[in-house]
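Q: Pasting in a structure now, in structure tokens, and then I'll have a few things to ask.
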Amino acid sequence: MALCLKQVFNKDKTFRPRKKFEPGTQRFELYKKAQASLKSGLDLKAVVQLPPGESINDWIAVHVVDFFNRINLIYGTMSEYCTEKSCPIMSGGLKYEYRWQDDSKYKKPTKLSAPQYMCMLMDWIEMLINNEDIFPTRIGVPFPRQFQQVCTKILTRLFRVFVHVYIHHFDSIINMGAEAHVNTCYKHFYYFIREFSLVDHRELEPLVRMPQGWGGGGGESGMG
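The structure is reproduced here in structure tokens:
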């Protein structure tokens, strides 16, 4: 019997601690608005659209943090199945291999196992979203000019988590009864990045023709 989602996606299983919004801030209010839209049953394509009068950078910031939390939770649940032995290379099938690069330890694209890549990725994103110079939380402090560029890099790398999980661990997702949750999260993420052109279409190719059941399957397989 499939486990209920509350058991599968237990908040204690997050790969990294959840990033929370400060109550009383504009971003907290935006987050509540976004969550209310999600729970209302609105079409996901409509949910991701920028609310009238709101700042696009605030809207993107709220979603980047929320997607980090959600994908962090999904991978945290899956991490026991994603090991050095099962996934010695961070990849999306035989055709796509993802190498890690940053400004400190790995200055050149470096081949890592999937668990190593995920660990580096979550640490890197956590560092960025906790950096007040990049994700300012104080009222009146502007976003840096390169903010959307940074978010594009974050979201591109988070998309690779979906690629790896769908291609290499979807059987485990099904066994846990979690496919509906993962599929909804993926669709939400996908419509958001497409709405604001935040990820290069070439990065989306690994999941363009998803089999029935992945990401909703059927006619929405590639979702454009």
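For the sequence shown, counting from 1, position 91 maps to 91 in full-length UniProt numbering; every step adds exactly one. Virtual Cβ for every residue (Gly too), placed ideally from N, Cα, C.
Across which residues does DSSP place residue 96 in a beta bridge pair?
A: Numbered from its first residue, the sequence shown carries residue 96 at position 96. According to DSSP, which records beta bridges pairwise, residue 96 is partnered with 92.
Q: Buried or exposed: residue 131, going by 16 or more other Cβ atoms within 10 Å of its Cβ?
A: The residue labelled residue 131 in the question sits at position 131 within the sequence shown. So residue 131 ends up on the exposed side.
Q: To the nearest angstrom, report how far apart residue 110 and residue 117 are at their CA atoms.
A: Position 110 of the sequence shown holds residue 110. Position 117 of the sequence shown holds residue 117. Looking at the two C-alpha atoms, the distance is approximately 10 Å.
Q: Compare the beta carbon distance of residue 158 and residue 193 with 7 Å and say whether it is the shorter of the two.
A: Position 158 of the sequence shown, counted from the first residue, corresponds to residue 158. Position 193 of the sequence shown, counted from the first residue, corresponds to residue 193. No, the Cβ-Cβ distance between residue 158 and residue 193 is not below 7 Å.
Q: Measure the alpha-carbon distance for residue 81 versus residue 177 and round it to whole angstroms.
A: Here the question's residue 81 lines up with position 81 in the sequence shown. Here the question's residue 177 lines up with position 177 in the sequence shown. Roughly 15 Å between the two C-alpha positions.
Q: If residue 166 and residue 207 are in contact, beta carbons under 8 Å, what's the gap, nearest whole angstrom?
A: For the purposes of this step, residue 166 is taken as residue 166 along the sequence shown, with counting starting at 1. For the purposes of this step, residue 207 is taken as residue 207 along the sequence shown, with counting starting at 1. Residue 166 to residue 207, Cβ: 6 Å. Contact.
Q: Please report the residue range of the alpha helix (DSSP H) in which residue 186 lies.
A: In the sequence shown, the residue the question calls residue 186 occupies position 186. Note, residue 186: alpha helix (DSSP H), 179-195.
Q: DSSP puts residue 110 in a beta bridge; with which residues?
A: As a working note, residue 110 is residue 110 in the sequence shown. DSSP output for residue 110 lists 100 as bridge partner(s).
Q: Inspect the CB distances between the segment 57-72 and the segment 119-135 and report whether three or more fall short of 8 Å.
A: yes
Q: So, helix, strand or coil for residue 147, using DSSP?
A: Taking the first residue of the sequence shown as position 1, residue 147 is located at position 147. Here residue 147 sits in helix by DSSP.
Q: For residue 60, count the other beta carbons within 10 Å of its own beta carbon; 16 or more makes it buried, fewer makes it exposed. Which is it?
A: On the sequence shown, position 60 is the one that residue 60 refers to. The residue is buried, with at least 16 neighbouring Cβ atoms inside 10 Å.
Q: Look up residue 130 in the DSSP assignment and say whether it is helix, strand or coil.
A: Reading the sequence shown from its first residue, position 130 is the one you call residue 130. In this structure, residue 130 counts as coil in the three-state DSSP scheme.
Q: In the structure shown, what three-state DSSP assignment does residue 176 receive?
A: Counted from its first residue, the sequence shown places residue 176 at position 176. Note: residue 176 maps to coil in three-state DSSP.
Q: Any chance you could list the beta strand (DSSP E) runs of at least 3 consecutive residues sitting entirely within the segment 43-73, in chain order?
A: Along the segment 43-73, the beta strand (DSSP E) does not occur as any fully enclosed run of 3 or more residues.
Q: Using only CA atoms, which one of 65, 43, 191 and 56 lies nearest to residue 126?
A: Taking the first residue of the sequence shown as position 1, residue 126 is located at position 126. Among 65, 43, 191 and 56, the Cα nearest to that of residue 126 belongs to 65.
Q: Note down, in chain order, each residue of its chain lying with its Cβ closer than 8 Å to the Cβ of residue 102, except the 5 sequence neighbours on either side.
A: One-based indexing of the sequence shown puts residue 102 at position 102. Cβ within range, chain order: 120 and 124.
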